[in-house]
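Chains as they are written, first to last, in numbering that gives the first Met the number 0: chain A, 0 to 95; chain B, 0 to 324.
Idealized CB from N, CA, C, for every residue including glycine.
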Amino acid sequence: MTPDLIYGLTGIAVFGIGLVGALCALDRLRRVLALKLCSVGAGFLLVVGAWRAPPGVPDPVPHALVITGIVVMVSATAVALALIRRLQTLEAEDER
Amino acid sequence: MADPLMIFDILLALSIVALATASLSVRDQFTMIVLFIIFGLLSALAWVRLSAPDVALAEAAIGTGVTGALLLKTLHHLRFVSGSRNRQPMTGVAPLPPVPLGVTLANAAFCGLITLGLAAGFLGAPAAGPGFDMLVAEAMPTSGVAHPVTGVLLNFRAYDTLMEVVVLLAAVVAVWQIERGLSEAPAPVMGVVWQGFARLALPAIVVVGTYLLWGGAEAPGGAFQGGAVLAAMGLLLLLTRAYVPQPGHRGIARWAFVLGTGVFALVALLVAGGGRVAFEYPLEHAKTLILLIEGMVTISIAVTLAALFHGREPVALTTGGRHDT
């Protein structure tokens, strides 16, 4: 059992958990969080793909891709959360 | 078999999966976010184990720190909105008809199948073949920096990074538009201890953020990690009310948002103007150009992330809620 195997399976499990959450959760905040879990799971797989057994140096290209992905994900999350805040405010005003 | 590091890896992997499950299944939303933050930090630790310290830094600072702050801020807003107006216990959802159990189970079963398929694919994939290692190693002397990840981000795949900065810019534009005229939840009251903490932490954050940016040329770190740490400073300033965004500051903020994209694109155009391909930096100036781009991008990232946290565009306060500009 090498770290790439262990963490690769972890990444797939986290992706699966996120997928279930994104489809089944009713709560909007939870759904955004589930999508974020999916992105972390995908990141795991890319980092695992870049890993080389200890004397080797990891491949920097997937690392750069994951860093890009993290920044894009935070932008998407920020927009999604702003939409949720707006939606909730409008709903609260309608009910008043 | 009794390798202590392997036991550590397995324990860490199990905790990561358990935290992911717990954060989606726990009822209370605050607990959900806190569990997610712990999940993110442990994932960062796992990435350190996979010898990816740059990714771990980015995940800890941006993926977990900034995202966690954004989630907590949204939760605060939702609790304020539904608590004070709805007279309903905070649930975070409009009363929707509950989904039939069968549908949920079918969804979960299909997700399980997809996950199993992915796992089978992963286990059946050939062992790590030659990736881009050799190509990057060969080209490193011409990149102007010593750290491969920085070389890839700012030189070999600079288009990606430029577009990434554009995405951040687009996000802040979108958030300002969406939140226009949205009434704001009152800021939570912070105690005295918090003020003292901010006073102690702020100088340290500035030093750490700048170091991450500077050190990115030779060691793990770089513009995104440094920018996120500096954004944490902005968050502290906003939370302690040491800085309250004024409508008059919008101009400066807009310039700061586009600074990184602008300088990045300008450098690419100037390089292209000299009879080269865009981003094919002349070797003798490569380090200077990369550092210039990184510095400006760091400022943009820090200001943009702090603005994404603040959310609403600072406008002159009116009583009407939706009627301000």
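Q) What does C23 (chain A) reach in chain B if we use C-beta pairs closer than 7 Å? A) Residue numbering aside, residue 23 (chain A) sits at position 24 when the first sequence is read from its first letter. Per Cβ cutoff of 7 Å: T103, N106 and A107.
Q | is_contact[P57 (chain A), chain B] using C-beta, thresh 7 Å | A | Start at 1 with the first residue of the first sequence, and residue 57 (chain A) comes out as number 58. It does: the Cβ of P57 (chain A) has a partner Cβ on chain B nearer than 7 Å.
Q. Are the C-beta atoms of P2 (chain A) and some chain B residue less than 7 Å apart?
A. Along the first sequence, one-based indexing puts residue 2 (chain A) at 3. Yes, P2 (chain A) counts as interfacial toward chain B.
Q: At 7 Å on the CB atoms, spell out the chain A contacts of A213 (chain B), in chain order.
A: For the purposes of this step, residue 213 (chain B) is taken as residue 214 along the second sequence, with counting starting at 1. Ala is not the amino acid found at residue 213 (chain B); the sequence shown has Trp there. Near W213 (chain B) there are no residues of chain A at all, since even the closest Cβ is about 18 Å away, more than 7 Å.
Q.
Applying the 10 Å Cβ sphere with the 16-neighbour rule, what's the burial state of L11 (chain B)?
A. The residue labelled residue 11 (chain B) in the question sits at position 12 within the second sequence. Buried, because 16 or more other Cβ atoms sit within 10 Å of the Cβ of L11 (chain B).
Q. Alpha carbon to alpha carbon, how far is L238 (chain B) from A119 (chain B)?
A. In the second sequence, the residue the question calls residue 238 (chain B) occupies position 239. In the second sequence, the residue the question calls residue 119 (chain B) occupies position 120. Distance between the alpha carbons of L238 (chain B) and A119 (chain B) is about 47 Å.
Q | A79 (chain A) at chain B interface by Cβ criterion, 7 Å | A | Looking up residue 79 (chain A) in the first sequence gives position 80. It does not; no Cβ of chain B falls within 7 Å.
Q. Can you name the start and end residues of the alpha helix (DSSP H) that A136 (chain B) belongs to?
A. As a position in the second sequence, residue 136 (chain B) is number 137, starting the count at 1. Residues D132 to A138.
**Q.** Inter-residue Cα distance where the pair is E293 (chain B) and A216 (chain B)
**A.** The residue you call residue 293 (chain B) lines up with position 294 of the second sequence. The residue you call residue 216 (chain B) lines up with position 217 of the second sequence. E293 (chain B) and A216 (chain B): Cα-Cα distance of roughly 10 Å.
Q.
Would V166 (chain B) and T260 (chain B) be called neighbours here (beta carbons separated by less than 7 Å)?
A. On the second sequence, position 167 is the one that residue 166 (chain B) refers to. On the second sequence, position 261 is the one that residue 260 (chain B) refers to. Taking the C-beta atoms as reference points, T260 (chain B) is found no nearer than 7 Å to V166 (chain B).
**Q.** Distance, L265 (chain B) Cα to F29 (chain B) Cα
**A.** As a working note, residue 29 (chain B) is residue 30 in the second sequence. As a working note, residue 265 (chain B) is residue 266 in the second sequence. F29 (chain B) and L265 (chain B): Cα-Cα distance of roughly 44 Å.
Q) Hey, how far is the Cα of R253 (chain B) from the Cα of Y242 (chain B)? A) What you label residue 253 (chain B) is simply residue 254 of the second sequence in a count that begins at 1. What you label residue 242 (chain B) is simply residue 243 of the second sequence in a count that begins at 1. Roughly 17 Å separates the two Cα atoms.
Q) In the region 39 to 61 of chain B, which residues sit with their C-beta less than 8 Å from some C-beta in chain A, listed in chain order? A) G39, S42, A45, W46, R48, L49, S50, A51, D53, V54, A57, E58 and I61
Q | Simplified DSSP assignment, three categories, for Y158 (chain B) | A | Counting from 1 along the second sequence, the entry for residue 158 (chain B) is found at position 159. In the three-state reduction of the DSSP assignment, Y158 (chain B) falls in the helix class.
Q) Using CA coordinates, which residue listed in B:L307, B:V65, B:L74 and B:S14 is at the minimum distance from R29 (chain A)? A) Within the first sequence, residue 29 (chain A) is the residue found at index 30, counting from 1. Ranking B:L307, B:V65, B:L74 and B:S14 by Cα distance to R29 (chain A) puts B:L74 first.
Q. In chain A, what lies closer than 8 Å to E163 (chain B) by C-beta?
A. Here residue 163 (chain B) corresponds to residue number 164 of the second sequence, with the count starting at 1. Correct list: T67, V70 and V71.
Q | Outcome for L13 (chain B) when other beta-carbon atoms lying within 10 angstroms are tallied against a minimum of 16 | A | Numbered from its first residue, the second sequence carries residue 13 (chain B) at position 14. In the assembly as shown, L13 (chain B) is an exposed residue. Its beta-carbon has fewer than 16 other beta-carbons within 10 Å.
Q.
I need the straight-line Cα distance from D53 (chain B) to V71 (chain A), nearest angstrom please.
A. For this step, residue 53 (chain B) is matched to residue 54 along the second sequence. For this step, residue 71 (chain A) is matched to residue 72 along the first sequence. Roughly 16 Å separates the two Cα atoms.
Q: Taking C-beta pairs closer than 8 Å, name the residues in chain A that Q245 (chain B) reaches, listed in chain order.
A: Taking the first residue of the second sequence as position 1, residue 245 (chain B) is located at position 246. By Cβ distance, chain A contributes nothing, its closest Cβ being about 21 Å from Q245 (chain B), past 8 Å.
Q.
If I follow the unbroken alpha helix (DSSP H) through S24 (chain B), where does it start and stop?
A. As a first step, residue 24 (chain B) must be located in the second sequence, where it is residue number 25. Where S24 (chain B) is concerned, the enclosing alpha helix (DSSP H) stretches over P3 to S24.
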